[in-house]
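As structure tokens, the structure follows; a few thoughts come after it.
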Amino acid sequence: MTCTKMFLRSFSRRELKQFRYWAHVGFFILSLSFFILVKPYFGSIPILNFQLSMDTAFEIHVFGNTNSSQRSISGGKVIEKKQICNVSDPKFDFCDVAGDVRIHGMSSKIFAVLSQKDDLVENGSWNIRPYPRKANPWMMTTFITEFSVNATVGHEQAPNCTLNHSVPAVVFSAGGYAAVNHFHAFTDILVPLYAASAKFHGEVQFLITNLEEKWKMKYEGILKQLSRYEIIHIDTDDKVHCFPHMIVGLKHYMEMRIDAMTASKGYSMKEFRKLMRNAYSLKKLNAIKILHDTQEKPKLLIITRNETRKFLNADQVAELAIRMGFEVVISEALENLDEFSHIVNSCDVMMGLHGAGLTNLVFLPTNAILLQVVPWGNFEWMASNCFGDPALDMELKYMEYRIKEEESSLIKEYPIDHMVFRDPDAVHHNDWDKFKSIYLDKQDVIINVNRFNATLLKALELLHH
Numbered sequence: 173m174t175c176t177k178m179f180l181r182s183f184s185r186r187e188l189k190q191f192r193y194w195a196h197v198g199f200f201i202l203s204l205s206f207f208i209l210v211k212p213y214f215g216s217i218p219i220l221n222f223q224l225s226m227d228t229a230f231e232i233h234v235f236g237n238t239n240s241s242q243r244s245i246s247g248g249k250v251i252e253k254k255q256i257c258n259v260s261d262p263k264f265d266f267c268d269v270a271g272d273v274r275i276h277g278m279s280s281k282i283f284a285v286l287s288q289k290d291d292l293v294e295n296g297s298w299n300i301r302p303y304p305r306k307a308n309p310w311m312m313t314t315f316i317t318e319f320s321v322n323a324t325v326g327h328e329q330a331p332n333c334t335l336n337h338s339v340p341a342v343v344f345s346a347g348g349y350a351a352v353n354h355f356h357a358f359t360d361i362l363v364p365l366y367a368a369s370a371k372f373h374g375e376v377q378f379l380i381t382n383l384e385e386k387w388k389m390k391y392e393g394i395l396k397q398l399s400r401y402e403i404i405h406i407d408t409d410d411k412v413h414c415f416p417h418m419i420v421g422l423k424h425y426m427e428m429r430i431d432a433m434t435a436s437k438g439y440s441m442k443e444f445r446k447l448m449r450n451a452y453s454l455k456k457l458n459a460i461k462i463l464h465d466t467q468e469k470p471k472l473l474i475i476t477r478n479e480t481r482k483f484l485n486a487d488q489v490a491e492l493a494i495r496m497g498f499e500v501v502i503s504e505a506l507e508n509l510d511e512f513s514h515i516v517n518s519c520d521v522m523m524g525l526h527g528a529g530l531t532n533l534v535f536l537p538t539n540a541i542l543l544q545v546v547p548w549g550n551f552e553w554m555a556s557n558c559f560g561d562p563a564l565d566m567e568l569k570y571m572e573y574r575i576k577e578e579e580s581s582l583i584k585e586y587p588i589d590h591m592v593f594r595d596p597d598a599v600h601h602n603d604w605d606k607f608k609s610i611y612l613d614k615q616d617v618i619i620n621v622n623r624f625n626a627t628l629l630k631a632l633e634l635l636h637h
């Protein structure tokens, strides 16, 4: 039995009621006395200096959530005090700063200069690596430059402007996976960059870190569609550039896709493909529609690979397609996008093994078919996520050909009852590097042309609709 219960049980019921009554009276008198004594000091506390009446609205100021804002209580309204940077997303860090924004590239420092009136913006500092692959910390820390973003009141802590700009800026990295892989150049950089900057209609300045000249030259045609201004290599720039608005980092939600909110504003993957047509002057708008009197043959592009995941019998596949009425082009995915974009755009069906070459689907005409050959190893989700779902967003038609064990070159290295065939998921979960080595780096494909015949028939059928 607790001390409190023992104390209360020592009173009779009538005495207990009297005790409670006088306790309440005493508490009220003490509270009133305390209020009278300290009332003169209340005027200096804004949150307590208010009156409740039917004529004056009672305001509650609530400052933010912990991710992007703070909440405060003040006399009358609900106010959100927003942070300029969000570092809580698991995929990317992102800052959106309006006002007086200054950047010194060589020191990797960004300053958001706030006035005393900017009471809706939270002071603070953030370290940002402007590349949307936070899930791989080793790659991020090894290859992506880190910027410090500092929000300060007044100009004292910010460097003086060397060059003033009248347009917004976007700061991003062209390093990491994007520096060496065509798929990542699009899904990590170019698609998110379009989503972030298309609303500026070319009136935006790109400040790029970790930029190689080869990368810039390869994708320059696309970058020029998004910005009318010369790219600034921010790593080696010793000027203090000042902007009225700056975005630091890119938002990446899905592979080769744009989030629904951005797409609803008119910046969709359909519009992104229009940008590709403008960038490379692509002429073919729509894939062939086969009618009973159509004389033109549908064109099939077979993308080959020379190192990993090769077609070992591409010529036999081409011969089959020709017999079925296709015109066939066999080509590697060329580095020169001015040339290769036109090859892709001239075709009605593009076929290739799962890999970066399929990224060139962005150059296909509307209603063309992407035919992805899915290697052995339970790649179905990866195939759909990387290329299948994006193809549909781009107003393309999508087909898969999933190979059998006997169509994989791995059959020559492992018995059919080996875990490589029996349980690829176990290989994946136990050791990703081993999974990659076996299924991505060492696997080639020999298409069973008799089985593949039905897939090409289906493609012809789709081109009739």
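Quick note, this note's numbering runs 172 ahead of the 1-based positions in the sequence shown. Using N, Cα and C, we set each Cβ at its ideal position, and we do this for glycine too. In this text, all values refer to a predicted model and were calculated from it rather than measured experimentally.
Decide if Thr531 is buried, meaning its Cβ has at least 16 other Cβ atoms within 10 Å, or exposed.
buried
Kindly give me the distance between the Cβ atoms of Pro537 and Lys471, rounded to whole angstroms, as I take these residues to be in contact under 8 Å.
Their Cβ separation, rounded to whole angstroms, is 10 Å, which puts Pro537 and Lys471 out of contact at 8 Å.
Would DSSP call Pro416 helix, strand or coil?
In the structure shown, Pro416 adopts extended strand secondary structure according to DSSP, grouped into three states.
Classify Gln329 as helix, strand or coil using the three-state DSSP reduction.
coil
Could you name the residues of the same chain whose beta carbon sits closer than 6 Å to that of Val501, not counting the 5 residues immediately before and after it, in chain order?
Leu473
Buried or exposed for Arg445, going by 16 or more other Cβ atoms inside 10 Å?
buried
Rounded to the nearest angstrom, what separates Glu552 and Ile575 at their Cα positions?
11 Å
Assess contact between the stretch 273-280 and the stretch 296-308, defined as three or more Cβ pairs (one per stretch) separated by less than 8 Å. Is contact present?
no
Inspect the beta-carbon positions of Leu628 and Leu492 and report whether they are closer than 8 Å.
yes
Can you give me the Cβ contacts of Asp409 inside the same chain, cut-off strictly under 7 Å, excluding the 5 residues immediately before and after it?
Gly277 and Met278
Quick check on Val339: does DSSP put it in helix, strand or coil?
coil
Ordered list of alpha helix (DSSP H) runs contained in the stretch 572-637, each at least 4 residues:
591-594, 596-602, 604-607 and 621-634
From Leu542, Ala555 and His514, pick the residue whose C-alpha is nearest to that of His526; which is it?
Per the Cα distances, Ala555.
Which residues in the same chain as Asn620 place their Cβ atom closer than 6 Å to its Cβ, once the five residues preceding and following it in sequence are excluded?
Glu579
Which one or two residues does DSSP pair with Asp272 in a beta bridge?
Val285
As an exercise, report each continuous alpha helix (DSSP H) stretch of at least 4 residues that is fully enclosed by the stretch 289-324, in chain order.
309-315
Would you mind stating whether Leu543 and Met523 have Cβ atoms separated by less than 8 Å?
yes
Starting from Gly524 and walking both ways along the beta strand (DSSP E), at which residues does that stretch end?
Segment Val521 to Leu525, the beta strand (DSSP E) holding Gly524.
Rounded to whole angstroms, what is the Cα-Cα separation between Cys414 and His354?
For Cys414 and His354, the distance between alpha carbons rounds to 32 Å.
Spell out whether any CB of chain B is found under 8 Å from the CB atom of Pro416.
Judged by its chain identifiers, the structure shown contains no chain B, having just a single protein chain.
Supposed close pair Ala307, Pro262 - CB separation, criterion 8 Å
About 7 Å; that satisfies the 8 Å criterion.
Would you identify the three-state DSSP class for Met448, choosing helix, strand or coil?
helix
DSSP-derived helix/strand/coil call for Lys569
strand
Tell me which residue opens and which closes the alpha helix (DSSP H) that Glu491 is part of.
Ala486 to Arg495
Please say whether Lys371 and Tyr439 have beta carbons closer to each other than 8 Å?
yes
Pro309, buried or exposed, once every other Cβ within 10 Å from all chains shown has been counted against 16
exposed
In the DSSP assignment, what residue or residues form a beta bridge with Leu543?
According to DSSP, Leu543 bridges with Met523 and Met571.
Excluding the 5 residues preceding and the 5 following Ala598 in the sequence, name in chain order all residues of the same chain whose CB lies nearer than 7 Å to its CB.
Met591
Just how far apart, CA to CA, sit Met448 and Leu362?
11 Å
Using only CA atoms, which one of Ser503, Val352, Ala368 and Gly326 lies nearest to Ile430?
Ala368
Beta-ladder partner(s) of Glu504, from DSSP
Looking at the DSSP output, Glu504 bridges to Thr476.
Leaving out five residues on either side along the sequence, give the residues of the same chain with a beta carbon under 8 Å from the beta carbon of Lys606.
Val599
Segment limits, alpha helix (DSSP H) that includes Gln397:
Gln397 -> alpha helix (DSSP H) spans Glu385 to Leu398.
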